[in-house]
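Per the UniProt record's numbering, the sequence shown runs over residues 1 to 217. What follows is a short report on a single structure.
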Amino acid sequence: MSGPSTPYDPPSGPIPVIHQDEHLLVVDKPEGLLSVPGRGPHLADCLLSRLAETHPEVLLCHRLDRDTSGIMVFALTKEGQRKMGRMFEVKRVKKRYIAQVHGEVSEPAGVIDLPLIVDWPNRPLQHVNHETGKKAVTDWQRIGVADGATRMRLMPRTGRSHQLRVHMLSLGHPILGDPFYSDDAEAFPRMMLHAEGLKFEHPVSGQMMRLEASCPF
């Protein structure tokens, strides 16, 4: 398995705003767009830089992989960023993803508890390592099965890099279109992973926030 070799060609067009207030800006990141700049000028175009064009004060709170679409929270104040970042750190943000995976998942639900760490000779790939890996836990539910694939709801309890992608691979059902962990990624128009929902207390007001970005596949 290897990463994509195609040039970085992020989608154009406006970024949908899901929620905005004094402290937070919540948007729907398109698939194929980096969350933050990569290394080199050819990877400068990203969600953070695009949002900064209209919101110069925008601050990063968390990230999504380039090939994952869906809901992302940014801060518009230092207070919002500090408190929001802390909530992600102590796992007070409930995350929900939708994925299409290879094969027919037989069980209706389950939990994957497998520690992950970077696979240094093949970075940025991650892999399961029971000796040096960091704890990673994912709850999952089967939504439906059709045409040799399964639609899944994934709810990570932790936020390790590539966690959902490696955990689905470990289950024997890699995510469709995954350029790193699926052998036939070129057969699909995109990686079929979408951050559908977030639930958390507003970092300043304390109001319970339940935000969603509709799944495009």
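We treat Cβ as the ideally placed atom computed from N, Cα and C, and that holds for glycine.
Could you please give the first and the last residue of the uninterrupted beta strand (DSSP E) stretch that includes residue i?
i	result
Thr141	Per the sequence shown, residue 141 should be read as Gln rather than Thr. Start and end: Val137 to Ala146.
Gly110	Ala109 to Asp113
Val118	Leu116 to Val118
Ile175	Premise fails: Ile175 is in no beta strand (DSSP E) and is neither H nor E.
His55	Element bounds for His55: n/a, residue is neither H nor E.
Val17	Val17 to Gln20
Which one or two residues does DSSP pair with residue i in a beta bridge?
i	result
Tyr97	Leu154 and Ala195
His32	It should be noted that the sequence gives Gly, not His, for residue 32. Bridge partners of Gly32: none, in fact.
Arg210	Lys199
Met72	Val27
His127	Ile117
His102	Ala149
Leu60	Phe74
Considering only residues of the same chain and omitting the five flanking positions on each side of residue i, which have a CB-CB separation below 8 Å?
i	result
Gly148	His102, Gly103 and Glu104
Val27	Ile15, Pro16, Val17, Ile18, Leu47, Leu51, Ile71, Met72 and Phe74
Got a sec? Which residues, its chain only, sit under 6 Å from residue i by beta carbon, not counting five neighbours each side?
i	result
Lys94	Lys199
Asp139	Val111 and Met155
Glu57	Leu76
Arg96	Met155, Glu196 and Gly197
Since residue i is in the alpha helix (DSSP H), which residue starts that stretch and which ends it?
i	result
Val166	Gln163 to Ser170
Phe88	Lys78 to Glu89
Cutting at 7 Å between CB atoms, please list the residues of its own chain near residue i, excluding the five before and the five after it.
i	result
Glu131	none
Tyr8	His42 and Leu43
Lys135	Pro115 and Thr158
residue 220	Since the first and last residues shown for the chain are 1 and 217, residue 220 lies out of range.
Ile143	Arg151, Met152 and Arg153
His23	Ala75, Leu76, Thr77, Glu79, Gly80, Pro203 and Val204
Tell me whether residue i counts as near the ligand COA, meaning its Cβ is closer than 7 Å to at least one heavy atom of that ligand.
i	result
Gly38	Judged by which ligands are present, the structure shown has none, so any question about the ligand COA falls away.
Check whether the stretch 66-73 and the stretch 114-127 touch, using three or more Cβ-Cβ pairs below 8 Å as the test. The stretch 66-73 vs the stretch 114-127: no contact.
Please confirm if the stretch 163-170 is in contact with the stretch 45-59, defined as three or more CB-CB distances below 8 Å between the two stretches. No: fewer than three Cβ pairs fall under 8 Å.
At least three beta-carbon pairs within less than 8 Å, the stretch 78-87 to the stretch 193-212: Yes: the two stretches touch, three or more of their Cβ pairs being nearer than 8 Å.
Taking 8 Å as the threshold, find out whether the stretch 180-197 comes into contact with the stretch 54-70 through three or more Cβ pairs. yes
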